[in-house]
Structure formats: C-alpha cells, structure tokens
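Colleague: The opening position of the sequence shown corresponds to residue 82 in our numbering, with each subsequent residue numbered one higher. Glycine residues also receive a C-beta, built at the ideal position from the N, C-alpha and C atoms. Note that the structure is a prediction, hence the values are computed from the model and not measured. The structure follows.
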Amino acid sequence: MKRPALFFGTLFLGAVSGFAQTKGAEIQKYQEAVVPETLLKSQLQGNVLLVGRIDKQGQIQNLRALAASFPGFIDPAIAAVSAWRFKPAMRDGKPVEIAANVGVRFRVKNNKRGAIPQPILGDLPVFPADASGTKTAPEGFPIRRGIDPKLRADAVLDVEPQSKARKMTVRVEATSPTGRPYIVFESPVAVPANAADVRLSVVAPVGADWEEGVWTLRFLADGREAGGGQFWLARDPSRFDFAAALRKQ
C-alpha cells in the first residue's frame with residue numbers, strides 16, 4: 082500500500098508585538114510524528130491535545146495528553162513534541178517558563194481529508210487579557226491575579242465538513258487546581274457550509290476567589306467532549322512553582 086501523506090498542525094508559540102523585551106517561545110527544532118502503519122492503513126484522521134510547559138532553556142517538560150480522537154495517535158504525538166526545542170519565552174528581557182498547549186492534527190491526503198469522528202480542538206492559545214479582552218502578554222504566559230482581569234482563549238475547533246450550514250452549542254468550563262468548575266462560555270456557534278474548522282474567542286473574567294496554580298479548560302460541542310487545554314494563574318508567577326503543580330496532576 083502506498084504510504085499516504087499526513088499533515089500535522091501545531092500551535093506556534095510566537096512573539097506578540099507591542100511588548101518591549103517580552104515575547105513568546107519560538108520553535109527552533111521541529112519533528113513530525115511517526116504514525117504506526119496500522120493507523121495509516123485504517124485512514125483514520127483526528128487530533129491530539131497535549132499540555133505541558135516550556136522551561137527557561139526552551140525544552141518542553143511535563144508533557145501529557147489531555148484529549149485525542151483516537152488513542153493510537155497519542156504516543157506518536159508525545160514522542161514527536163518531546164523532541165521539539167524552543168527559543169525560550171522572555172519577560173522584561175529574562176527567560177521565563179510558560180504553559181504549553183499543543184494541538185497535533187493527523188490528516189490523510191485523499192478525498193476524505195477533514196473527515197473526523199467528532200468535533201475536537203486543533204489549536205488553543207490562551208493569553209492573559211485586560212478588561213476589554215485585549216491580550217496583555219504572549220501565549221502561555223501566566224495570568225497575574227490582581228493585574229490581568231481576564232483570560233482570552235482563541236480556539237480553533239475542527240469539525241467534519243458538511244454541505245449545509247449548521248449551528249452547534251459550545252460550552253467551556255474552567256476547572257480550578259482543586260477541581261472546582263466554572264462555566265466561562267456557552268453559546269450557539271455558526272458552522273458555515275463545507276467548513277473544516279470554526280474559530281471562536283473565549284474571554285472570561287478572572288474571579289477574585291480563583292485559586293493559584295494550573296487550571297484546565299474543557300470544551301464541549303453539542304454536549305460531547307471536544308478537548309481542552311490549560312492556563313496558569315498566580316498573584317506573583319515568578320514565585321509560584323508551576324512545575325511542581327504540574328507534577329501533581
């Protein structure tokens with residue numbers, strides 16, 4: 082059997098203009114996933130959502146799968162992303178650790194490209210934001226409680242293309258480090274005819290009672306799990322041990 086071409090989509094943790102000496106992590110070494118032959122023959126398509134952190138040396142750490150269209154995609158995605166290397170994120174000219182949300186897409190090049198079993202996130206960059214919802218730092222930077230009043234997630238939800246336009250209800254829950262859920266978004270979302278993805282921005286206020294630590298975002302599409310990601314929250318992120326918090330998960 083001829084080996085089909087595969088396409089992998091990943092989040093790019095790049096710089097955001099307007100922040101003097103503050104920029105996001107930039108990928109320097111990229112490695113594609115090696116897909117098992119059994120999955121290639123089956124022509125399965127889907128996504129894997131990974132979470133972890135990018136340390137001050139630009140290495141990705143504490144990597145784990147949060148969601149996947151098929152379990153067989155998880156190991157190849159983790160193996161590939163574990164080999165990536167970054168130019169570390171910088172705040173005020175100094176390297177900092179940041180949260181990493183990584184989406185890996187597996188697609189075959191044929192007339193069924195885009196056919197996935199159910200909606201699932203492909204990209205989920207999360208940012209600290211001001212009261213208007215405007216980003217105050219690059220992707221993955223911790224939200225500073227008392228300074229950044231909101232969080233912003235610019236999600237890309239991959240869907241199976243259909244010939245007719247439709248709507249789906251998207252619900253987003255933020256879950257605290259101790260497991261307390263907060264609904265931060267719930268609304269019908271329009272899906273155009275033949276669309277392979279839907280883009281939506283989730284802007285939510287950061288509660289005064291929100292705990293410090295690693296939070297998760299959970300997306301549901303028409304009541305079905307659609308993946309998720311993470312964000313970090315602390316009054317003083319430079320003094321909070323997010324690495325230790327991730328190891329406890």
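Can you name the start and end residues of the beta strand (DSSP E) that I159 belongs to?
Modeller: No beta strand (DSSP E) contains I159, which is instead part of the alpha helix (DSSP H) from I155 to S163.
Colleague: Roughly how many angstroms separate the alpha carbons of S213 and R226, rounded to a whole number?
Modeller: The straight-line gap from Cα to Cα measures roughly 16 Å.
Colleague: Please state whether DSSP places R328 in a helix, a strand or coil.
Modeller: Three-state DSSP puts R328 in a helix.
Colleague: Distance check for A325 and A274, CA to CA, integer angstroms please.
Modeller: For A274 and A325, the distance between alpha carbons rounds to 45 Å.
Colleague: Using CA atoms only, rank isn't needed, just tell me which of R145, I264, A315 and I141 is closest to A170.
Modeller: For A170, the nearest C-alpha among the options comes from I141.
Colleague: For the ligand SAM, is there any heavy atom lying closer than 7 Å to the beta carbon of I197?
Modeller: The ligand SAM is absent from the structure shown, which contains no ligands of any kind.
Colleague: By a C-beta neighbour count over all protein chains shown, 10 Å radius and 16 as the cutoff for buried, is P209 buried or exposed?
Modeller: Looking at its Cβ environment, which holds 16 or more other Cβ atoms inside 10 Å, P209 is buried.
Colleague: Identify whether F323 lies in helix, strand or coil by the three-state DSSP scheme.
Modeller: Helix, per DSSP.
Colleague: Who are the near neighbours of K248 in its chain, counting only those whose CB is closer than 8 Å to its CB and skipping five residues on each side?
Modeller: Around K248: P269, V270, A271 and V272.
Colleague: Please work out which residues of its chain come closer than 6 Å, Cβ to Cβ, to A218, disregarding the five sequence neighbours upstream and downstream, and give them in chain order.
Modeller: Excluding residues within five positions, the ones whose Cβ falls inside 6 Å are P209.
Colleague: Given a cut-off of 8 Å on the beta-carbon distance, is the pair E254 and V265 in contact?
Modeller: Yes, Cβ-Cβ distance for E254 and V265 is below 8 Å.
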